[in-house]
Amino acid sequence: MLLARSRHASVRSLERYARPGVDSVARHVAERDPAARRRT
Numbered sequence: 001m002l003l004a005r006s007r008h009a010s011v012r013s014l015e016r017y018a019r020p021g022v023d024s025v026a027r028h029v030a031e032r033d034p035a036a037r038r039r040t
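This is the structure we're talking about:
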């Protein structure tokens, strides 16, 4: 998803610029967790 949004060709080039915070990574994972969706 990050590669597509940023239009980088490789993960290597994306690593140079992308520095997601802990909170944003946790939110992203929580939103896509199928087990969490079943609980609500």
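Residue numbers are given in the UniProt record's numbering: position 3 of the sequence shown equals residue 3, and the series is strictly consecutive. Positions of the beta carbon are idealized from the N, C-alpha and C atoms, including for glycine.
Per DSSP, reduced to three states, the secondary structure at S10 is coil, with no helix or strand assignment. Between L14 and S6, the C-beta spacing is below 7 Å. Judged by DSSP secondary structure, R27 falls within the alpha helix (DSSP H) whose first and last residues are V22 to E31. When secondary structure is reduced to three states using DSSP, A18 falls in the coil class, being assigned neither helix nor strand.
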